[in-house]
Structures are given as C-alpha cells and as structure tokens.
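Each protein sequence line maps, in turn, to chains A and B. Residues 1 to 227 (the numbering used here) are what the first sequence spells out, left to right. Residues 228 to 454 (the numbering used here) are what the second sequence spells out, left to right. Report on the following structure.
There are 2 protein chains.
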Amino acid sequence: MAEPIPIIGGTGALGYGLGLRLARAGQAIVIGSRKPERAEEAAAKLREAVPGAEIEGLPNDEAAKRGPIVFLTVPFRAQSETLTNLKEALAEGQLLVDCTVPLAAAISGKATRTVGVWQGSAAQQAQEMAPDGVTVLSALHTVSAPVLAGDEPLDEDVLICGDKKADKSRVAAVIELIDGLRAVNAGPLEQARIVEPLTAMLIGINGRYKTHAGIRITGLPDADHWS
Amino acid sequence: MAEPIPIIGGTGALGYGLGLRLARAGQAIVIGSRKPERAEEAAAKLREAVPGAEIEGLPNDEAAKRGPIVFLTVPFRAQSETLTNLKEALAEGQLLVDCTVPLAAAISGKATRTVGVWQGSAAQQAQEMAPDGVTVLSALHTVSAPVLAGDEPLDEDVLICGDKKADKSRVAAVIELIDGLRAVNAGPLEQARIVEPLTAMLIGINGRYKTHAGIRITGLPDADHWS
C-alpha cells in the first residue's frame with residue numbers, strides 16, 4: 001500500500017509485532033504512542049530490525065492522521081481513554097481496526113476470563129466512541145503478540161469482523177501482506193462478541209500446552225475469499 | 228471402549244453423526260430419544276450404515292444408564308427439560324458431555340447469535356442441573372453435524388472444557404476414536420462460555436463461504452496431549 005499504516009499503541013507487544021511484520025512486507029508504518037519519545041524509541045528499534053523500512057514514531061493523535069486504515073492495539077484498559085483522545089484526530093472515511101480484548105486482567109482478574117462490555121464487545125464500544133464517518137472493524141485477536149514480534153513463520157488465520165465486506169476486504173489486504181496469515185470474514189462487527197474472548201481461551205491453552213497457539217478455520221474453499 | 232456410549236438426543240443431526248462415526252470406529256452406541264420408536268428407528272438406520280455395529284435405540288432415561296460417559300446432543304431449547312427427566316437416570320460417577328449451544332435460534336432469533344445463559348453457558352446450566360456426583364464436560368460445538376453424519380474425512384479439533392484433566396482425558400479418548408478429530412484441552416468448564424458461541428460464528432462462516440467449517444488450534448506440540 002502506498003499510504004502508511006498507523007498503529008495506535010504500537011509500542012505494545014501486539015502493535016510492535018504487527019509493525020515488524022508489515023515493515024518486513026515493505027509496508028510503511030507509523031508507530032503511535034501516548035508518549036512521543038516512546039513512539040520514536042519503538043520506531044528506531046523497528047528501523048534497526050528492518051533496514052530500509054519506512055517507519056515513523058509519533059504521538060497517537062498525529063499518527064492516526066497518517067493513513068486511511070488505522071490499527072488500535074492498546075490494552076483494553078486504555079481503549080476508552082485513547083479513543084477520547086483521538087476524537088479530533090480521526091476523520092470521516094477512515095477505517096479503525098480495533099484489536100483490543102476485554103480481558104478480566106484489565107480489572108485485576110484473570111487473563112483467561114473476559115469482562116462484559118456494555119456494548120457487547122470492545123469493538124462495539126470503539127464504534128460507539130469513534131467520530132461520525134469512521135468505520136470500526138475488529139481483527140487480530142488470535143495472533144500471539146510474541147510470535148508476531150519474532151522470526152518464526154506464521155501459519156494461521158485472522159478473523160475479521162465488520163459490517164461491510166468492502167471494508168473488511170481492505171483490512172484483509174493489509175493483514176495478508178504478512179506471510180502466513182489468512183484473513184477470514186467472521187461476519188458483522190457484533191461477532192466480535194464471539195471472537196474477542198478467543199484471546200482468553202488461547203491464553204489458557206498457551207499456559208496448558210506451553211506454546212503460542214492460534215486459530216485456523218477448517219473447510220474453507222481455496223479461492224480468494226475477498227474477490 | 229468395552230462399555231457403550233449413550234447419546235441422549237441421538238436422533239438429531241449431531242447425535243446421529245457422532246453415533247455414526249463412533250460406530251464406524253467399532254464403538255458400541257446407545258441412541259437415546261424422548262420417543263422410543265424414534266430411537267429404534269435411528270438405531271436401525273445406523274445398523275444399516277455400519278453393518279455389524281453394536282447399536283441400541285432406547286428412551287433417553289434408559290439409554291443414559293448404559294455407559295459411564297454420556298453425550299447430550301439435544302437442542303438447547305430441550306436441554307433443561309431433558310436434564311430434569313434424567314435426574315433419576317444419571318448416577319454418581321458418570322461423565323455427562325454437554326454438546327448443546329445456546330443459539331438465539333432457540334428463541335426464534337438468529338443461529339449466528341447466542342442468548343445469555345444465567346449460569347454463563349449451557350454446560351454450566353447442565354452442571355447445575357445434573358445429579359450430585361455427575362460431572363459435566365463440554366465438547367463438540369465446532370464440528371459440523373452434517374459433516375459428522377457424512378462420509379468425508381475429518382481434519383479438525385474438538386475443544387473440551389471440564390474442571391478435571393483426568394475426566395477430559397477420558398472424553399478425549401472417546402472423541403479421538405473418530406478418525407481426523409483431535410481433542411484439545413480448552414480449560415475449565417467455565418470456558419464453555421467462550422467455546423459454545425463458536426458454533427454461532429461458524430454458522431455465519433458456513434453461510435458466507437458455502438461450506439461446513441471447523442476449528443483447528445495452531446501451534447500445539449505434537450506430543451500426546453492427554454498422557
């Protein structure tokens with residue numbers, strides 16, 4: 001893609017991993033953070049990891065203006081505050097890909113449990129808070145952050161929720177820039193109620209099996225699902 | 228296994244498919260139904276499909292007494308009533324594998340949505356209703372009933388929830404009698420809150436992709452997970 005991909009909360013494990021994999025695929029990235037110096041620090045680390053990659057580090061609100069498809073990878077605890085702070089930064093027509101998961105860890109509970117979100121899911125909370133004309137989608141809940149941030153080959157699916165197939169298709173094109181990830185249309189945004197808790201289940205499986213598990217949907221036809 | 232596997236609601240699509248695959252694996256089966264004549268009818272059909280297989284058809288309460296590991300494959304709408312009717316039939320020490328899913332279809336809503344169950348999941352409702360000493364586990368939500376009831380090879384996982392690994396291991400041994408199914412330890416029974424809704428998500432995916440999808444957990448070690 002010609003335009004860079006802003007990653008809000010890109011200094012966290014998931015955001016950094018996403019940035020690393022996209023940068024390796026030749027995609028320009030903007031790492032956003034609440035603190036400009038931390039954004040620049042992460043960007044510098046990424047530039048070192050992927051020589052020649054186009055990577056900027058900026059405060060979240062500036063980062064959010066840099067491209068049409070924005071990933072939100074902050075912890076759930078910070079999601080609402082972050083979106084409040086982005087009210088003036090996000091603009092009509094942008095896609096906001098929410099990757100947050102309402103783990104009970106956010107309220108000092110277990111990471112293998114979730115908390116109920118009034119709107120039904122973190123993604124639907126994001127949709128309620130996003131400025132008019134900004135479309136929220138939901139993705140990347142089942143991809144292990146440490147794996148994404150490492151060198152191992154990937155071989156798993158990313159479940160994308162969103163109300164319009166055309167929007168999901170654009171997000172799928174970004175995700176499928178990453179080798180070994182297949183984007184699957186998991187339905188309208190409300191299906192994030194089902195997909196987000198998978199993170200909690202996988203965290204349990206990771207502990208039990210000493211691994212970094214992911215999800216694969218079996219039985220899908222081989223054709224390009226997004227054409 | 229020497230002892231037969233009772234399948235309560237075995238005349239339905241999932242129960243019948245489970246019976247068929249287990250019978251093909253040489254396992255003795257007891258098909259239970261509310262109506263004895265329907266149980267016998269399904270049993271006769273299975274005997275025809277798998278010549279030489281040991282298959283009985285009995286009323287649910289009689290079927291439930293025939294083996295130590297009982298599968299419950301009734302629709303969610305009938306789960307509570309069925310368990311009330313089994314109060315005298317189920318006995319201490321038995322394992323009850325709940326396969327029901329609280330789809331909103333049960334209250335004339337969409338099959339791609341779920342209803343909230345007070346106890347947290349259908350499996351937890353079953354645990355509350357089961358007689359003392361009967362242990363409830365949860366499994367088989369992501370395996371397509373029509374696929375199970377057909378001839379196609381399987382290649383997917385079954386997520387098992389239950390509070391004790393030793394119990395899950397016994398259920399896993401039954402499920403892994405079926406060629407192409409791998410049983411994965413998805414955690415304590417409460418994780419059924421996360422696993423049950425996957426059926427709704429997969430029903431959506433099936434419609435969208437014109438397929439019968441299933442789930443595979445990626446990244447698990449190759450070793451026998453249940454030893």
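Beta carbons are placed, not taken as given, at the ideal position from N, Cα and C, and that holds for glycine.
CB contact check: residue 397 of chain B to chain A, cutoff 7 Å: The residue labelled residue 397 of chain B in the question sits at position 170 within the second sequence. Output row for residue 397 of chain B: interface = no.
Inter-residue spacing [alpha-carbon to alpha-carbon] between residue 276 of chain B and residue 425 of chain B: Counting from one through the second sequence, the residue named residue 276 of chain B turns up at place 49. Counting from one through the second sequence, the residue named residue 425 of chain B turns up at place 198. The alpha-carbon atoms of residue 276 of chain B and residue 425 of chain B are separated by roughly 30 Å.
Cβ contact check for the region 437-453 of chain B and the region 242-251 of chain B: 3 or more pairs under 8 Å: Judged by Cβ distances under 8 Å, the region 437-453 of chain B makes no contact with the region 242-251 of chain B, as fewer than three pairs qualify.
Where residue 260 of chain B falls, given that 16 or more other Cβ within 10 Å makes a residue buried: As a first step, residue 260 of chain B must be located in the second sequence, where it is residue number 33. Classification for residue 260 of chain B: buried.
Residue-chain proximity (residue 428 of chain B, chain A), Cβ-Cβ < 7 Å: Position 201 of the second sequence, counted from the first residue, corresponds to residue 428 of chain B. Answer yes: the Cβ-Cβ gap between residue 428 of chain B and chain A drops below 7 Å somewhere.
Residue 436 of chain B at chain A interface by Cβ criterion, 7 Å: The residue labelled residue 436 of chain B in the question sits at position 209 within the second sequence. Yes - at least one Cβ of chain A is within 7 Å of the one on residue 436 of chain B.
Residue 103 of chain A versus residue 112 of chain A: straight-line alpha-carbon distance, rounded: Counted from its first residue, the first sequence places residue 103 of chain A at position 103. Counted from its first residue, the first sequence places residue 112 of chain A at position 112. Computed Cα separation, rounded: 7 Å.
Per DSSP, the bridge partner or partners of residue 443 of chain B: Locating residue 443 of chain B in the second sequence gives position 216, where the first residue counts as 1. Bridge partners of residue 443 of chain B: A:216.
Any chain A beta carbon closer than 7 Å to residue 446 of chain B: In the second sequence, residue 446 of chain B corresponds to position 219, counting from 1. Residue 446 of chain B counts as touching chain A.
Touch test, the region 164-173 of chain A against the region 104-124 of chain A, Cβ-Cβ under 8 Å, three pairs minimum: The region 164-173 of chain A is not in contact with the region 104-124 of chain A.
Per-residue contacts from residue 424 of chain B into chain A (C-beta, under 7 Å): Locating residue 424 of chain B in the second sequence gives position 197, counting from the first residue. Under the 7 Å cutoff, chain A gives 194.
Below-7 Å beta-carbon distance, residue 439 of chain B vs any chain A residue: To locate residue 439 of chain B, count along the second sequence from 1; it is residue 212. Yes, its Cβ sits closer than 7 Å to a Cβ of chain A.
Where residue 186 of chain A meets chain B, residues with beta-carbon distance less than 8 Å: Sequence index remark: in the first sequence, residue 186 of chain A carries index 186 (1-based). Per Cβ cutoff of 8 Å: 428, 431 and 432.
Three or more C-beta pairs below 8 Å linking the region 52-66 of chain A and the region 84-104 of chain A: yes
Closer than 7 Å to chain A by CB, residue 383 of chain B: Position 156 of the second sequence, counting from 1, holds the residue named residue 383 of chain B. Judged by the 7 Å Cβ criterion, residue 383 of chain B is in contact with chain A.
C-beta contact flag for residue 101 of chain A and residue 141 of chain A at 7 Å: Along the first sequence, read from residue 1 onward, the residue named residue 101 of chain A stands at position 101. Along the first sequence, read from residue 1 onward, the residue named residue 141 of chain A stands at position 141. Cβ distance < 7 Å, so residue 101 of chain A and residue 141 of chain A count as in contact.
Among A:201, A:138 and A:2, nearest to residue 120 of chain A - alpha-carbon criterion: Residue 120 of chain A sits at position 120 when you count from the first residue of the first sequence. It is A:138.
Min CB distance residue 191 of chain A to chain B below 7 Å: On the first sequence, residue 191 of chain A is found 191 positions in, with the first residue counted as 1. Judged by the 7 Å Cβ criterion, residue 191 of chain A is in contact with chain B.
Status (buried if at least 16 other CB within 10 Å, exposed otherwise) for residue 410 of chain B: Translated into positions along the second sequence, residue 410 of chain B becomes position 183. Looking at its Cβ environment, which holds 16 or more other Cβ atoms inside 10 Å, residue 410 of chain B is buried.
Reference residue 131 of chain A, options A:87, A:72 and A:56, closest by Cα: Mapped onto the first sequence, residue 131 of chain A falls at position 131. Looking at the Cα atoms, A:87 is the closest of the given residues.
For residue 192 of chain A and residue 257 of chain B, the rounded distance between their alpha carbons: Numbered from 1 along the second sequence, position 30 holds the residue referred to as residue 257 of chain B. Numbered from 1 along the first sequence, position 192 holds the residue referred to as residue 192 of chain A. Using only the alpha carbons, I get a separation of about 39 Å.
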